[in-house]
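Each residue of the sequence shown is one higher than the one before, counting from 246 in the working numbering.
Working notes, beginning with the structure itself.
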Amino acid sequence: MNNTALYNIGYGLYVLTVQADGKDSGCITNTVMQITSGTSCLGAVSVNKQNYTHDLIMKSKQFNISVLTVDTPFDIFKRFGFQTGREVDKFADYKDTARSKNGILYLTTYTNAYLSFEVTDAIDFGTHTMFKSNIIGGEVLSSAESVTYAYYQQHIKPKPPSAQQKGGYRCNICGYTYEGDMLPDDFVCPLCKHGASDFAKII
Numbered sequence: 246m247n248n249t250a251l252y253n254i255g256y257g258l259y260v261l262t263v264q265a266d267g268k269d270s271g272c273i274t275n276t277v278m279q280i281t282s283g284t285s286c287l288g289a290v291s292v293n294k295q296n297y298t299h300d301l302i303m304k305s306k307q308f309n310i311s312v313l314t315v316d317t318p319f320d321i322f323k324r325f326g327f328q329t330g331r332e333v334d335k336f337a338d339y340k341d342t343a344r345s346k347n348g349i350l351y352l353t354t355y356t357n358a359y360l361s362f363e364v365t366d367a368i369d370f371g372t373h374t375m376f377k378s379n380i381i382g383g384e385v386l387s388s389a390e391s392v393t394y395a396y397y398q399q400h401i402k403p404k405p406p407s408a409q410q411k412g413g414y415r416c417n418i419c420g421y422t423y424e425g426d427m428l429p430d431d432f433v434c435p436l437c438k439h440g441a442s443d444f445a446k447i448i
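Listed below in C-alpha cells is the structure:
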C-alpha cells in the first residue's frame, strides 16, 4: 500500500486541551469529527496512547477542541505538537487562553471556534483511543478560515533544509530526521509519534 494516499483525506487541525490532577495540557490533533447533530450532538476524537493528553482525558473524561485558522504560526504547532506535557508545561508564558464552563482552557487567538466534549465511551484501536463524546458547549470566536492539514503542509510547516550528507530518514509529517543507515521497522517519531511508514529515505 502507498501510505501517502492517506494524506489526500481531508483533515482539519486542532489544539485538544484537557485538565486533570490540577494540570493543564494539550496536543495537536487532526482526527476530530462530528458524528450526529440535533439536540443530542455527538463527536469523537482519536488520540495516540503515547500522548500525555491521552492519559489526562482517560482520567477527566472531558476535553476541549480549539479550531485552528490559516494564520496560525508554526510556533503554535511546535508548542502543542512537538513536545510532551510529561516534561514541559505547554501553557507556561502563553496567555492567549480562556476557560470554558467545564474549567478547561481553550485558545483565544489563531482559532475561530472552540467546542467542549464530555466522554461517553473510550474505544481501543491499538495504538490510539477514540473518545466518543457528547458535545456540551462551544462558541464561534472569529470568521477566519479553518486550517487544513494540506494547507499546513504547503504553507505553514517550514521546508526541511537540503541534506548536506547522504543517508538518514526524514519524517514526512513533521520533518524530524533520523540519522542512520537503516530505520527500524518499529521506529516511532519522537516528535509527532508517527511510525516508520511515514519516513522517507534521504537521498
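Ideal placement from N, C-alpha and C gives every residue a C-beta, glycine not left out.
On a predicted model such as this, the values are computed, not experimentally measured, just so you know.
(1) Determine the closest residue to Asn357 out of Gly257, Ile368 and Ser285, with distance taken between C-alpha atoms.
(2) To the nearest angstrom, report how far apart Tyr259 and Asn417 are at their CA atoms.
(3) Would you please state the rounded distance, in angstroms, between the beta carbons of Gly371 and Ser345? I believe it to be under 8 Å.
(4) For chain C, is any of its Cβ atoms less than 8 Å away from the one on Asn309?
(5) Within 10 angstroms of its Cβ, does Asp320 collect 16 or more other Cβ (buried), or is it exposed?
(6) Would Ala395 and Met303 be called neighbours here (beta carbons separated by less than 8 Å)?
(7) Leaving out the 5 sequence neighbours to the left and right, which residues in its chain are closer than 6 Å to Phe336 when beta-carbon positions are compared?
(8) Quick check: what's the CA-CA separation for Thr422 versus Gln328?
(9) Terminal residues of the continuous beta strand (DSSP E) containing Asp366?
(10) How close, in whole Å, do the beta carbons of Ile273 and Gly326 come, if the pair is a contact with beta carbons under 8 Å?
(11) Tell me the rounded alpha-carbon separation between Met427 and Asp334.
(12) Between the beta-carbon of Val292 and the beta-carbon of Thr374, is there less than 8 Å?
(13) Excluding five sequence neighbours on each side, which residues of the same chain lie with their C-beta closer than 6 Å to the C-beta of Ala408?
(14) May I ask which residues mark the beginning and end of the beta strand (DSSP E) holding Leu313?
(15) From Lys340 to Ala289, what distance separates their C-alpha atoms?
(16) Would DSSP call Phe319 helix, strand or coil?
(17) List the DSSP bridge partners of Tyr414.
(18) Cα-Cα, which of Asn309, Tyr297 and Thr365 is closest to Gly330?
(19) Suppose the cutoff is 7 Å on Cβ atoms and the five residues either side in sequence are ignored; what does the same chain contact list for Glu390 look like?
(20) On the three-state DSSP scale, how would you describe Gly326?
So, to answer that:
(1) One-based indexing of the sequence shown puts residue 357 at position 112. It is Gly257.
(2) As a first step, residue 259 must be located in the sequence shown, where it is residue number 14. As a first step, residue 417 must be located in the sequence shown, where it is residue number 172. Straight-line Cα distance between these residues: approximately 19 Å.
(3) Against the sequence shown, residue 371 aligns to sequence position 126. Against the sequence shown, residue 345 aligns to sequence position 100. That belief does not hold up - the Cβ atoms of Gly371 and Ser345 are roughly 31 Å apart, past 8 Å.
(4) Note that chain C does not occur in the displayed structure, where there is just one protein chain.
(5) Along the sequence shown, read from residue 1 onward, the residue named residue 320 stands at position 75. Exposed, since its Cβ has fewer than 16 Cβ neighbours within 10 Å.
(6) Here residue 395 refers to the residue found at position 150 when the sequence shown is read from its first residue. Here residue 303 refers to the residue found at position 58 when the sequence shown is read from its first residue. For Ala395 and Met303, no; Cβs fall outside 8 Å.
(7) The residue you call residue 336 lines up with position 91 of the sequence shown. The residues are Asp269.
(8) As a first step, residue 422 is located in the sequence shown; it is residue number 177 there, counting from the start. As a first step, residue 328 is located in the sequence shown; it is residue number 83 there, counting from the start. The alpha-carbon atoms of Thr422 and Gln328 are separated by roughly 16 Å.
(9) Residue numbering aside, residue 366 sits at position 121 when the sequence shown is read from its first letter. Start and end: Thr356 to Asp369.
(10) Here the question's residue 273 lines up with position 28 in the sequence shown. Here the question's residue 326 lines up with position 81 in the sequence shown. With a Cβ gap of about 4 Å, Ile273 and Gly326 count as contacting.
(11) The residue you call residue 427 lines up with position 182 of the sequence shown. The residue you call residue 334 lines up with position 89 of the sequence shown. Met427 and Asp334: Cα-Cα distance of roughly 34 Å.
(12) Here residue 292 refers to the residue found at position 47 when the sequence shown is read from its first residue. Here residue 374 refers to the residue found at position 129 when the sequence shown is read from its first residue. Yes, they are a contact pair.
(13) Residue 408 sits at position 163 when you count from the first residue of the sequence shown. Confidence at Ala408 is low in this model, with a pLDDT of 46, below 50, so its placement is unreliable and no value can be given for it.
(14) Here residue 313 is taken as the residue at index 68 of the sequence shown, counted from 1. Here the beta strand (DSSP E) through Leu313 covers Gln307 to Leu313.
(15) Here residue 340 is taken as the residue at index 95 of the sequence shown, counted from 1. Here residue 289 is taken as the residue at index 44 of the sequence shown, counted from 1. Those two C-alpha atoms are separated by around 28 Å.
(16) Position 74 of the sequence shown, counted from the first residue, corresponds to residue 319. Reduced to three states, the DSSP call for Phe319 is helix.
(17) In the sequence shown, the residue the question calls residue 414 occupies position 169. For Tyr414, which the question treats as bridged, DSSP gives the partners Tyr423 and Lys446.
(18) Within the sequence shown, numbered from 1, the residue matching residue 330 stands at position 85. Among Asn309, Tyr297 and Thr365, the Cα nearest to that of Gly330 is on Tyr297.
(19) Against the sequence shown, residue 390 aligns to sequence position 145. The answer, listed in chain order, is Thr314 and Val315.
(20) Numbered from 1 along the sequence shown, position 81 holds the residue referred to as residue 326. Of the three classes helix, strand and coil, the one that applies to Gly326 here is helix, per DSSP.
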